[in-house]
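Take a look at the structure below.
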Amino acid sequence: MSNVIKEHEVMAGKLKAIGHPMRVALFHLLCNCETEGLSVKSLYQSLGIDQPTTSRHLAVMRNSGLISRRVTGGQTSYCLCFNDPFVKCLSGCFITNNKIE
22 MSNVIKEHEV MAGKLKAIGH PMRVALFHLL CNCETEGLSV KSLYQSLGID
72 QPTTSRHLAV MRNSGLISRR VTGGQTSYCL CFNDPFVKCL SGCFITNNKI
122 E
């Protein structure tokens with residue numbers, strides 16, 4: 022399998038991972054969190070959904086490389102993997118002049 026096809030498979034996996042309205046909403050919230058990230062609690066409260074559902078969506082996003090997780094003490098936070106060109110490009114759809122839209 023060529024490298025180009027492998028890259029396309031990775032890209033398709035990321036598109037599939039963002040292909041749910043709730044995951045788009047989570048991505049949108051994470052666009053301005055920078056390096057400190059947002060806690061799971063702040064994410065599910067912002068979206069008005071329960072914690073288990075939020076965690077399942079975050080796991081899909083993390084497994085595809087869209088977001089990273091940091092555990093500090095008993096708190097888990099997530100942020101976008103801005104070092105990934107796909108994530109950087111997609112986040113540009115939500116961020117204009119340093120403001121989330």
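Letter by letter, the sequence shown follows residues 22 to 122 of this note's numbering.
Ideal Cβ placement from N, Cα and C applies to all residues, glycine included.
Report yes if the C-beta distance between residue i and residue j is below 8 Å; otherwise report no.
| i | j | result |
| --- | --- | --- |
| Leu64 | Leu47 | yes |
| Leu68 | Leu59 | no |
| Val92 | Thr75 | no |
| Cys102 | Ser89 | yes |
| Ser98 | Glu57 | yes |
Of the residues the options, which one's Cα is nearest the Cα of residue i?
| i | options | result |
| --- | --- | --- |
| Gly34 | Ser23, Val92, Asn84, Ser60 | Asn84 |
| Met43 | Asp105, His78, Val25 | His78 |
| Glu28 | Phe107, Leu111, Gly113, Ser112 | Phe107 |
| Gly40 | Met82, Leu50, Glu30 | Met82 |
| Gln138 | Met32, Cys52, Gln96 | With the chain represented from 22 up to 122, any question about residue 138 goes unanswered, as that position is not in the structure. |
| Cys114 | Gly94, Asn104, Val45 | Val45 |
| Ala168 | Met32, Ile26, Cys100 | Because the chain in this structure spans residues 22 to 122, residue 168 falls outside the shown range and cannot be described. |
Tell me which residue opens and which closes the alpha helix (DSSP H) that residue i is part of.
| i | result |
| --- | --- |
| Ser112 | 106-112 |
| Ile39 | Looking at the DSSP string, Ile39 is not in any alpha helix (DSSP H), and its letter there is neither H nor E. |
Below 8 Å on the Cβ atoms is my guess for residue i versus residue j; work out the distance and round it to an integer in Å.
| i | j | result |
| --- | --- | --- |
| Asn53 | Ile116 | 7 Å |
(request) Would you mind listing the alpha helix (DSSP H) stretches within the region 59-100 that are 4+ residues and don't spill past its ends, in chain order? (result) At a cut-off of 4 residues, the continuous stretches assigned as alpha helix (DSSP H) that sit fully inside the region 59-100 are 61-68, 72-84.
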